[in-house]
Structure formats: C-alpha cells, structure tokens
Amino acid sequence: AQKVTQAQTEISVVEKEDVTLDCVYETRDTTYYLFWYKQPPSGELVFLIRRNSFDEQNEISGRYSWNFQKSTSSFNFTITASQVVDSAVYFCALSGGTGNQFYFGTGTSLTVIP
Amino acid sequence: EAGVAQSPRYKIIEKRQSVAFWCNPISGHATLYWYQQILGQGPKLLIQFQNNGVVDDSQLPKDRFSAERLKGVDSTLKIQPAKLEDSAVYLCASSFGARGFGETQYFGPGTRLLVL
Chain A
10 AQKVTQAQTE ISVVEKEDVT LDCVYETRDT TYYLFWYKQP PSGELVFLIR RNSFDEQNEI
70 SGRYSWNFQK STSSFNFTIT ASQVVDSAVY FCALSGGTGN QFYFGTGTSL TVIP
Chain B
1063 EAGVAQSPRY KIIEKRQSVA FWCNPISGHA TLYWYQQILG QGPKLLIQFQ NNGVVDDSQL
1123 PKDRFSAERL KGVDSTLKIQ PAKLEDSAVY LCASSFGARG FGETQYFGPG TRLLVL
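Protein chains in written order, with this note's numbering: chain A, 10 to 123; chain B, 1063 to 1178.
See the structure below:
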C-alpha cells in the first residue's frame, strides 16, 4: 500500500525564518517517485520538485531545498528565509506501482507572518 | 504554453441535481486525471485516462459519477445526482507521456462545487 504522512497540519513562522516541512512515505515498490506541490489560496497545485527513488541527492533551488533519505522514508522540504508569498498549503505526493496515481499527504498549511 | 484549463471555476447546486465539469489538458499531453479534493485533505484520484482509454477508475463512484475523454483531448466529469458529500474541489491534471508512471502531473485551477 502507498501512503504519505505529513504530520504537521499547520505551521506559522515569522518572515525570514527558515522552515522545514516533513514528509514520510510508505511503499513496497523499489521504483517510485516523490513530488512536492504548492497550493496557494487560488487553488491550483503548482509543481515544485520530482525525485525518483534511485536519486538520493539533495537538491537546492533558490530558497528551496529538499532532503531525501530512503533510510527513514522521508522527503523533507526546507524554505530558507521565508517570505509572505510562501504562505500556502504544501503537499507531498508519492507515485508508485504501474500506473501514475499520485498518493497525496494531507498537506501542511504554512503561514508566513510579516 | 497554456496550462490545464477547467470550467466552471465555481458551481453551486442543490442535492439531487446534476453537474458537469470540463477540462482541457496541456496540448500534447496523453494522460489526463480527475481528482477530488475535500476541504482539509489531499487530492484523491477519481479517474485516469490515457489518450481516450480509461487506465484507472477504481475510486470513481460509478453509480453517480461518469467521465469521458472523447478524441483523447478534453474531458468531462459528470455527477448525477449530486449528494451533499460531493462538495469539494475537482481538479484536473495532465501529464505528457502515455506511459504515465513517474511523470509530473500539471494541475488546473479546479472547480469548487458546493452542494446544498
């Protein structure tokens, strides 16, 4: 069974603080993909990153960075020097098996306070 | 490049009425998905099309929900009759390849449905 857990329901930080969003996944597949999406108040899910199970290299993109650790089945997302525009709900998703069904976590609502 | 288009953006209906949502995927994308997102939850897949064939509809409540993707391009999702618990955001997504697995899905703005 595929499952994604985002234990943090809501997080509030003051602007310029760093914040880490946690994602823990479960799968029996050896090949799978992990994703992060941002959902601003407008509702559209915006793609942030895709990572396959064979690539454990961490990635940095501007103020965003991702830490993938297979040993702990985690794919955490860090925003450095947060900004008000980062306020949104962030979803972690898992794609495994033979199709491309995404299994989403319940999301973490991030509020950045000016 | 234009993104995934959906209409309408908002819809309010009474229970037992019918409603239809439309989605036009990114040009050239072979695979199209419909998700239901209930408030406070992550999106849940309803149906996946590969070109104009159904790949996965195991979570589609087929007694009231139906979907089609004629000609392998745009798609329509219908609910008939609607129930109160169908109140949700209906998201359409598309991905490029026919294989599908592991591909990034690009989402539309969604249709917010309220059933009274």
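Glycine included, C-beta positions come from ideal geometry on N, C-alpha and C.
Euclidean distance between Cα positions of residue i and residue j
i: A/Asp-95; j: B/Gln-1103; result: 20 Å
i: A/Tyr-73; j: A/Val-28; result: 10 Å
i: A/Tyr-112; j: A/Gln-11; result: 7 Å
i: A/Asn-115; j: A/Phe-100; result: Reading off the sequence shown, one finds Thr at residue 115 of chain A, where the question assumed Asn. Distance between the alpha carbons of A/Thr-115 and A/Phe-100: 7 Å.
i: A/Pro-123; j: B/Gly-1115; result: 49 Å
i: B/Gln-1112; j: B/Leu-1094; result: 7 Å
i: A/Phe-63; j: A/Thr-40; result: 7 Å
i: B/His-1091; j: A/Glu-26; result: 39 Å
i: B/Ser-1089; j: B/Ala-1155; result: 12 Å
i: B/Asp-1096; j: B/Ile-1109; result: According to the sequence shown, residue 1096 of chain B is Trp rather than Asp. Looking at the two C-alpha atoms, the distance is approximately 5 Å.
i: B/Phe-1169; j: B/Gly-1065; result: 8 Å
i: B/Thr-1166; j: B/Glu-1130; result: 22 Å
i: A/Phe-44; j: B/Val-1177; result: 31 Å
i: A/Val-33; j: B/Pro-1105; result: 17 Å
i: A/Gln-17; j: A/Thr-117; result: 6 Å
Residue environment, residue i, which counts as buried when at least 16 other CB atoms sit within 10 Å
i: B/Asp-1118; result: buried
i: A/Val-13; result: buried
i: A/Glu-24; result: exposed
i: B/Pro-1087; result: buried
i: B/Ile-1100; result: exposed
i: B/Tyr-1072; result: exposed
i: A/Ser-91; result: buried
i: A/Ile-69; result: exposed
i: A/Ile-88; result: buried
Reference residue i, options the options, closest by Cα
i: B/Leu-1107; options: A/Val-121, A/Leu-119, A/Pro-123 and A/Leu-103; result: A/Leu-103
i: B/Ile-1141; options: B/Pro-1087, B/Gln-1098, B/Glu-1165 and B/Ala-1067; result: B/Gln-1098
i: B/Asp-1148; options: B/Gln-1068, B/Tyr-1072, B/Lys-1077 and B/Ser-1069; result: B/Lys-1077
i: B/Tyr-1152; options: B/Leu-1178, B/Ala-1082 and B/Lys-1124; result: B/Ala-1082
i: B/Gly-1164; options: A/Ile-88, A/Ser-82 and A/Tyr-42; result: A/Tyr-42
i: A/Lys-79; options: A/Thr-87, A/Asn-61 and A/Ser-70; result: A/Asn-61
i: A/Asp-31; options: A/Ala-97, A/Gln-15 and A/Gln-92; result: A/Gln-15
i: A/Gln-66; options: A/Glu-53, A/Phe-84 and A/Ser-51; result: A/Phe-84
i: B/Thr-1173; options: B/Pro-1143, B/Leu-1139, B/Thr-1166 and B/Lys-1145; result: B/Leu-1139
i: A/Arg-37; options: A/Leu-119, A/Gly-105 and A/Gln-110; result: A/Gly-105
i: B/Pro-1123; options: B/Val-1135, B/Lys-1133, B/Ala-1144 and B/Asp-1136; result: B/Ala-1144
Chain A contact residues for residue i, given Cβ-Cβ distances below 7 Å
i: B/Val-1185; result: The structure shown has nothing for residue 1185 of chain B, since chain B only spans 1063 to 1178.
i: B/Pro-1105; result: Phe-113
Contacts of residue i in chain B (Cβ-Cβ under 9 Å)
i: A/Arg-59; result: Gly-1164, Glu-1165 and Thr-1166
i: A/Phe-77; result: Those within 9 Å of A/Phe-77 in chain B number zero; the least Cβ separation is about 15 Å.
i: A/Phe-100; result: Gly-1104 and Pro-1105
i: A/Ser-82; result: Simply none; closest approach about 17 Å.
Residue i: contacting residues in chain A (beta-carbon distance under 9 Å)
i: B/Leu-1153; result: Gly-52, Glu-53 and Leu-54
i: B/Gln-1110; result: Gly-108, Asn-109 and Gln-110
Partners in chain A for residue i, counting only beta-carbon separations shorter than 8 Å
i: B/Pro-1171; result: Ser-51, Gly-52 and Glu-53
i: B/Thr-1093; result: Asn-109
i: B/Ser-1157; result: Asn-109
Residue i: contacting residues in chain B (beta-carbon distance under 7 Å)
i: A/Tyr-42; result: Gly-1164
Min CB distance residue i to chain D below 7 Å
i: A/Ser-70; result: Although the question refers to chain D, the structure presented lacks it and instead comprises the protein chains A and B.
Where residue i meets chain B, residues with beta-carbon distance less than 8 Å
i: A/Ser-96; result: The contacting residues do not exist; A/Ser-96 stays about 17 Å from chain B at best.
Entirely within the stretch 1123-1157 of chain B and at least 3 residues each: give me those beta strand (DSSP E) ranges in chain order.
The qualifying runs are 1127-1130, 1137-1141 and 1150-1157.
Uninterrupted beta strand (DSSP E) stretches inside the stretch 66-91 of chain A (no shorter than 3 residues)
Qualifying beta strand (DSSP E) stretches, in chain order: 68-70, 73-78 and 83-88.
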